[in-house]
Structures are given as C-alpha cells and as structure tokens.
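Enquirer: My structure is below; once you've seen it, I'll send some questions.
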Amino acid sequence: MTAAAGADRVFITGASSGIGAALAREYAARGATLGLLARRGDALEALVATLPHPERHRTYAVDILDHAALAAAASDFLLAAGGADIVIASAGISHGTLTERPNDLPVFDAVFATNVNALVATFAPFVTPMKAHTGARRLVAIGSVAGVRGMRGAGAYCASKAAVRVYCESLRLELKSSGIRVVTIAPGYIDTPMTRHNRFPMPFLMPAERFAAAAARAIARGDSYRVLPWQMGLVARLLGALPNALFDLLFSRAPTKAPKEAA
Numbered sequence: 003m004t005a006a007a008g009a010d011r012v013f014i015t016g017a018s019s020g021i022g023a024a025l026a027r028e029y030a031a032r033g034a035t036l037g038l039l040a041r042r043g044d045a046l047e048a049l050v051a052t053l054p055h056p057e058r059h060r061t062y063a064v065d066i067l068d069h070a071a072l073a074a075a076a077s078d079f080l081l082a083a084g085g086a087d088i089v090i091a092s093a094g095i096s097h098g099t100l101t102e103r104p105n106d107l108p109v110f111d112a113v114f115a116t117n118v119n120a121l122v123a124t125f126a127p128f129v130t131p132m133k134a135h136t137g138a139r140r141l142v143a144i145g146s147v148a149g150v151r152g153m154r155g156a157g158a159y160c161a162s163k164a165a166v167r168v169y170c171e172s173l174r175l176e177l178k179s180s181g182i183r184v185v186t187i188a189p190g191y192i193d194t195p196m197t198r199h200n201r202f203p204m205p206f207l208m209p210a211e212r213f214a215a216a217a218a219r220a221i222a223r224g225d226s227y228r229v230l231p232w233q234m235g236l237v238a239r240l241l242g243a244l245p246n247a248l249f250d251l252l253f254s255r256a257p258t259k260a261p262k263e264a265a
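Going by the working numbering, the sequence shown opens with residue 3, and the numbers climb by one from there.
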C-alpha cells in the first residue's frame, strides 16, 4: 500500500455498506488512499475491487466493539499510509425501542456501545498522530438529524445521536488549538439498507452518492456541524425551536421505528 502524493489518507468505519461505502467510493474517486473497516471482510473486499487503484487501500474485518482490534487497525493504517488526514466514524445501528419492554435494555446497551463508545474508540488512536502533522486534518462523526429531538419509539437511537453531537462539541474545544477540525455530519433520510427498514414516510430522501459528495465538501471546509440534505437542516431548526407542549402534541402519535428482531 502506497499513498498517492498529495492525496488524502482516509480511514472509514462502517465502510461495507450504506453511508460508509458511499463515502469510500467518493474519496476513492478523488484519489484518496483508504483504510476501510467493518465486520464483513467479504463485503469490504468486494467494495475495494470496484474502486479506482484498489492496491492503495487496506481493509480491516473488525467488529467496531472490539476496541483493541480497532486500535490495531488504526495503527496499521497509520504506519502503512504514513499518517491520516481524515477519520470518518460511520459505523452505527438503529433499532426501535420502548423502555417498558425488558428485552429492550440490551438493545439500548448495543446502540450506545456502537453509536457512541465506538465513535470515541475510533478517534482515540488518531488524535496524537494527527497532532504531530500539519495541513488539513479532520475527525468526522456521522450523527443524525434524529439527535435534535427525541422521537417516539426511538429513544436509544435519538439519545445516542444527541450524545454524538454533544461529544463532538467537547472534542472540538479540546482540539481547537491543535488545528484538527472536528466535523459532525447529521444525515436526514439517506437511501441506505438501514433506512429501507423504516415503516414511515421519509421526506427529502437523498441518494447515498449525493450525500457522500455533499458530505465530502462539508468535511473539506471543516464545517463543525452540517445537516444533509439542506432541507432537513431547516426541519431540524424548526423542531429544535418548538415548545415542548407543541412538540408533544404533534409527535405523540408518530409512527415508530421497527424493534430489533429476536435472535
């Protein structure tokens, strides 16, 4: 693996499908050298085979919850690529949950472990090496517009994505003097395998490829927080401004996310 001169070195988790795979295709088309991590090694290899210059890229068949293996993959990529310019924490899960269902407590644990704790574990191995370099450096979290307000039947997912947003605010302040930009991208409804399970209308549904191109532009600018598509940004602002009484009246009967199926 050899990084192309002048090209970004990009490490992406959750890269085997959905938003992660779309971002991999976007950055590969821009000439980047990629480190792609996900549980499904076969899916990663199939993806790399479709990318320009597959010899530039490394794949890591790692469970994002295995923090030691994740750190080892990060170290391998840093050594092989000679550093990292952009780290994108894209791995995430979403399940409908109800607090009254005893079997949903482990689902809450799994959602927070994947969407929040694994995000921290993704960034941690890169912070010190990135501080040692100059130039544009980005730590990127894929949040969600669902983190703006809590929705019925989606307590775990909404709360986890709110935690992502606030955690990244803290990290942004911690790293401000280092020159590392912390970027939170909050997707609305993006056409991916995850959203195809939704049982309700999805306004402003955005193709994954268009999302990836827009996200790459926001990352390059170093935007601290960006909702995509932009129409959902307006919706998010409106939702955030609603008084609780009105919000409750409007959304107390909204359809719920599908629960996690029993194993």
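Where a beta carbon is used, it is the ideal one built from N, C-alpha and C, also for glycine. Bear in mind the structure is a predicted one, so any value in this text is a computation, not a measurement.
Going by DSSP, name the residue or residues bridged to residue 186.
Expert: Here residue 186 corresponds to residue number 184 of the sequence shown, with the count starting at 1. DSSP, once it has assigned bridges, lists 143 and 227 as partnering residue 186.
Enquirer: Output the residue ranges of the alpha helix (DSSP H) runs that lie fully inside the region 55-86 and measure 4 residues or longer, sorted by chain position.
Expert: Listed in chain order, the complete alpha helix (DSSP H) runs (minimum 4 residues) inside the region 55-86 are 69-83.
Enquirer: When DSSP labels each residue in this structure, what does residue 21 get in the three-state scheme?
Expert: The residue given as residue 21 occupies position 19 in the sequence shown. Looking at residue 21 - three-state DSSP - the assignment turns out to be helix.
Enquirer: Mapping the DSSP letters down to three states, classify residue 177 as helix, strand or coil.
Expert: Mapped onto the sequence shown, residue 177 falls at position 175. Helix at residue 177.
Enquirer: Which residues bound the beta strand (DSSP E) around residue 150?
Expert: Within the sequence shown, the letter at position 148 stands for residue 150. Counting along the chain, residue 150 falls outside any beta strand (DSSP E), and DSSP gives it neither H nor E.
Enquirer: Any idea what DSSP makes of residue 206, helix, strand or coil?
Expert: Against the sequence shown, residue 206 aligns to sequence position 204. It is coil, neither helix nor strand.
Enquirer: Going by alpha carbons, who is nearest to residue 214 out of 62, 51, 40 and 92?
Expert: For the purposes of this step, residue 214 is identified with residue 212 of the sequence shown, where counting begins at 1. Ranking 62, 51, 40 and 92 by Cα distance to residue 214 puts 92 first.
Enquirer: Counting C-beta neighbours from all protein chains within 10 Å, is the total for residue 15 16 or more, i.e. buried, or is it exposed?
Expert: Taking the first residue of the sequence shown as position 1, residue 15 is located at position 13. Burial call: buried.
Enquirer: Locate the alpha helix (DSSP H) running through residue 50, then write down its first and last residues.
Expert: Within the sequence shown, the letter at position 48 stands for residue 50. Taken as a continuous stretch (DSSP letters only), the alpha helix (DSSP H) holding residue 50 covers 43-51.
Enquirer: Take residue 237 as the anchor and find which of 74, 191, 218 and 254 has the nearest alpha-carbon.
Expert: Start at 1 with the first residue of the sequence shown, and residue 237 comes out as number 235. Residue 191 is the option with its Cα nearest to residue 237.
Enquirer: Is the region 130-149 touching the region 106-113, taking contact as three or more C-beta pairs under 8 Å?
Expert: With a cut-off of 8 Å, the region 106-113 and the region 130-149 do not count as touching, because too few Cβ pairs lie within range.
Enquirer: Hey, would you say residue 89 sits closer than 9 Å to residue 169, going by beta carbons?
Expert: Counted from its first residue, the sequence shown places residue 89 at position 87. Counted from its first residue, the sequence shown places residue 169 at position 167. No.
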